[in-house]
Amino acid sequence: MENKTNFNLFVLLMIGLFTIILQNSSIFAQNEDPNNPRTWKYFKILARTEDDSIFFLVQDDLGIDPKLESFNIIVNISDPNEQNQYVVIGADEFDPSATRAPFSQLSKKVQTGLINWAGTNKENLNPKKLDYASVFIDVIRQIKIKEFIAPPKKERAIRNTTAYINPYFTVFGWEPLGIPVKRSIGFTFGMGNKYSGPFESDEISAGFNMLGVNVSYVTRIRELNTHDLGSDSVENKPWKQYNAIFMPPRGLKLTYVIPLGNFLEVGVYSEIKETGVTPGGGPPLYVFRNKKDSTLMPNNIVTGSNLIAEFRYPFRMFGSTRTQFYVSYYMNETHIGLFTRESRLVGSVFDFRVNATLKKIRNFQLLVEIMVSDIAESFANNSFAVGPSIRLSKLDTGKFGLLSAFVNFRFKLGDYYDEREKK
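Numbering (our numbering), first residue to last: 8 to 430.
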């Protein structure tokens, strides 16, 4: 009898243990997999309407008008009680100006789309377990090769008539700001040129664009390339006053994007000469000599007429809104480079460019620049970016080294996109 009782107790214990294992297995099965974004219950997406229609539809469900082209969306469905599940449009879910609503307010299509989204722009907000290797490979684990390089999504990126449209204004260099009046008709404005960094070029341009043709009036602001600094005053500055480009007081620039797509632009720059005014940009107010052989450190002093040509290939890098690889001939210099706008990688949004100026008039120069966005609050989240910019070239000591180190700023002035590009 005692043996039977012991056996019954053993059976009950085994059943209880088996039940606990099953429960734990069930709980484990419901746990999030850090490597599978579709299982995440609390996450943030750096969304753009060009990524998928759900990022346009979610704004319809939440009554957001006018529509945003890029925004942060936070989803928290970790609580089993549906009344405690919510969605937030904004950089910070605790920001009082952010749009907050119950998750149930979204349509089933949008709910499913957000949960199943698996791009690199999706970030798990639940604490994750870290190991010793996380320091080195955590970022690499989240990179998806298919999102490293992808075709452009915006139609205007490949059309010659709308390629000028650009909502980004950068203080030093990059592409000029392009504001459309009606798709192929609009205005442009730029400081420096597309290939210059901080305090490298004194160029200022304002132009009109129509059907791929751009006519710009070009002048200069001398302070943009430290033109007014003496040789003694730059010894302790984070830049040097050589290997720069100096523009004439006035000029006209005419360019045309060949109507076979946005990959080849040709044009000409012509100086407007004035009676009694010395032609060209004029030499710098102060000269700098190589300390080893006393030769003059070079500058590109633009004069007369100059051909302009650029071959470029637009694409996307890490879900960027604007990326180009280019080879160009500008003011008698050859440039090879790449830039990307608003790339998204592991919860970060950044701009990046690298430009190599080949040796001809000036010494070989390498410009490297990165600007971080996603630092403001609420709907201003991606409205500006800031970051370091460095130029490397031959110094007056005869060695290759740091020519300048400064910061650059980018501002996004708006979202320019067509209704058909939203869906």
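C-beta: ideal position from N, C-alpha, C; glycine also.
Predicted model, so just to flag it, every value in this text is computed and none were measured.
- In the displayed model, Ala164 falls within a helix according to three-state DSSP.
- Bridge partners of Ile377 according to DSSP: Phe359.
- Counting only runs of at least 3 residues, the segment 40 to 101 fully encloses the following beta strand (DSSP E) elements, listed from N- to C-terminal order: 49 to 55, 77 to 83 and 93 to 96.
- For Tyr320, the closest of Ile308, Pro305, Leu303 and Phe346 by C-alpha to C-alpha distance is Phe346.
- For Thr169, the secondary structure class from DSSP, reduced to helix, strand or coil, is coil.
- Boundaries of the alpha helix (DSSP H) harbouring Asn123: Lys115 to Asn123, taken from the DSSP string.
- With respect to the 8 angstroms criterion, Phe110 and Val94 are classified as neighbours on the basis of their beta carbons.
- For Asn133, the three-state secondary structure derived from DSSP is coil.
- In the DSSP assignment, Gln372 is bridged to Thr364 and Ser400.
- If the five residues before and after Val264 are omitted, its C-beta is found closer than 6 angstroms to the C-beta atoms of Asn167, Ala170, Gly219 and Glu272, all from its own chain and listed in chain order.
- Among the bridge pairs identified by DSSP, Phe391 is matched with Phe418.
- One thing to note: Asn250 has its Cβ within 8 angstroms of the Cβ of Arg369.
- Residues Ile397 and Leu399 of the same chain have their beta carbon placed closer than 7 angstroms to that of Leu409, with the five preceding and five following residues left out of the count.
- In summary, Thr46 is exposed, with fewer than 16 beta-carbon neighbours lying within 10 Å of its beta-carbon over all protein chains present.
- About 7 angstroms separates the Cβ atoms of Pro41 and Asn131, confirming a contact at the 8 angstroms cut-off.
- Taking a cut-off of 8 angstroms on C-beta distances, the segment 170 to 186 touches the segment 194 to 202, as three or more cross pairs fall below it.
- Using a Cβ-Cβ distance cut-off of 8 angstroms, the segment 80 to 91 and the segment 355 to 369 are not in contact, since fewer than three pairs of beta carbons, one from each stretch, lie closer than that value.
- Here Val294 has Leu303 as same chain residues with Cβ atoms under 7 angstroms from its own Cβ, once five neighbours each way along the sequence are excluded.
- For Leu267, the three-state secondary structure derived from DSSP is coil.
- A distance below 8 angstroms separates the beta carbons of Ala108 and Leu69.
- Check the Cα spacing between Asp209 and each of Ile252, Gln248 and Asp102: the tightest is with Ile252.
- Rounded to the nearest whole angstrom, the C-alpha separation of Gly421 and Lys74 is 11 angstroms.
- If the five residues before and after Lys401 are omitted, its C-beta is found closer than 6 angstroms to the C-beta atoms of Asn370 and Phe407, all from its own chain and listed in chain order.
- For Arg351, the enclosing beta strand (DSSP E) begins and ends at Glu340 to Leu352.
- If you look at Gln331, you'll find it in the beta strand (DSSP E) that goes Arg329 to Tyr337.
- Boundaries of the beta strand (DSSP E) around Pro321: Ser312 to Met324.
- If you look at Phe155, you'll find it isn't in any beta strand (DSSP E); DSSP assigns it neither H nor E.
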